[in-house]
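Reading through the structure tokens given below for one structure.
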Amino acid sequence: MPEPTRLRIATGQLSYGQALLLREFPAGCRDLFCDLMAGCALNLQESRQAAQWIREVSLRESEDPLRLLESLRAAAALDDRRPPRKNAQVFLAVLRRRRYPTLEAARSRFETAWKETGLETIGIQAAHDPTFETSELRLQISAGSEDVLRERIEALRRALDQGTLRRVFFSLLP
64 MPEPTRLRIA
74 TGQLSYGQAL
84 LLREFPAGCR
94 DLFCDLMAGC
104 ALNLQESRQA
114 AQWIREVSLR
124 ESEDPLRLLE
134 SLRAAAALDD
144 RRPPRKNAQV
154 FLAVLRRRRY
164 PTLEAARSRF
174 ETAWKETGLE
184 TIGIQAAHDP
194 TFETSELRLQ
204 ISAGSEDVLR
214 ERIEALRRAL
224 DQGTLRRVFF
234 SLLP
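Everything in the sequence shown is counted per my numbering, starting at 64 for the first residue and increasing by one.
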């Protein structure tokens, strides 16, 4: 194991399990992946997931893992002034979009359409099929009283009448 990796393990920036993940990468990109894991404070599960997605994208796109990691780092615009966990969220989101472009595009369409309804701001939550294989929509209404429930149901009815929910259902179609 290279000295910089051992030092990161000794200082707690990297776990032994994460260090073992580095073996799966070509020598040229081990340092960069190590820097990303430590700089983003990825936990072991996130590191495993990232390593798997990086391998899959690299194979699918026939892209050198080092170039892929460099492009992911640039796209995530990692910032030392941001908390490491925020950098982790941004990095993993960028990687997820690269690994699952169709699924992430569908998720983005749904989120945009749902926000346009304004229903989330009044205590109505929506959930979709996580694989987007159906156009089924599950709604959850939170209310502390019968009057509040009545108001929220009326807001839902208005959204139906105005066609804003139709856009949500259209966003779920392939």
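Beta carbons: idealized from backbone N, C-alpha and C, even for Gly.
At a Cβ-Cβ threshold of 7 Å, Thr175 and Thr227 do not count as neighbours. Between Ala138 and Val157, the C-beta gap is smaller than 7 Å, which places the two residues in contact.
The closest CA to that of Gln108, considering only Leu155, Pro237, Arg230, Thr165, is found on Leu155.
Pairing Ala218 with Arg201 gives a Cβ-Cβ distance that is not under 7 Å. Counting only residues of its own chain and dropping the five nearest sequence neighbours on each side, Arg162 has a CB closer than 8 Å to the CB of Trp116, Glu119, Val120.
Our two residues, Pro237 and Glu199, have alpha carbons roughly 13 Å apart in a direct line. Distances from the alpha-carbon of Glu87 to those of Thr74, Gly102, Arg123, Leu129 put Leu129 closest.
Leu77 carries a coil assignment under DSSP once its states are collapsed to helix, strand and coil. According to DSSP, residue pairing for Gln188 in a beta bridge involves Gln203. By the Cβ-count criterion, Phe173 is buried, with 16 or more other Cβ atoms from all chains shown falling within 10 Å of its own Cβ. For Glu217, the uninterrupted alpha helix (DSSP H) segment begins and ends at 209 to 225. In the same chain as Glu183, and ignoring 5 residues on each side of it, the C-beta atoms closer than 7 Å to its own belong to Trp177, in chain order. Contiguous alpha helix (DSSP H) elements confined to the region 135 to 187 occur at 147 to 162, 164 to 180, taking only those with 4 or more residues. The Cβ atoms of Gln81 and Ser110 sit closer than 7 Å to each other.
In the DSSP assignment, Ser110 falls within the unbroken alpha helix (DSSP H) covering 107 to 123. Of the candidates Gln112, Gly75, Leu83, Thr165, Gly75 places its Cα closest to the Cα of Gly102. Look at Glu66 here: in three-state DSSP terms it is helix.
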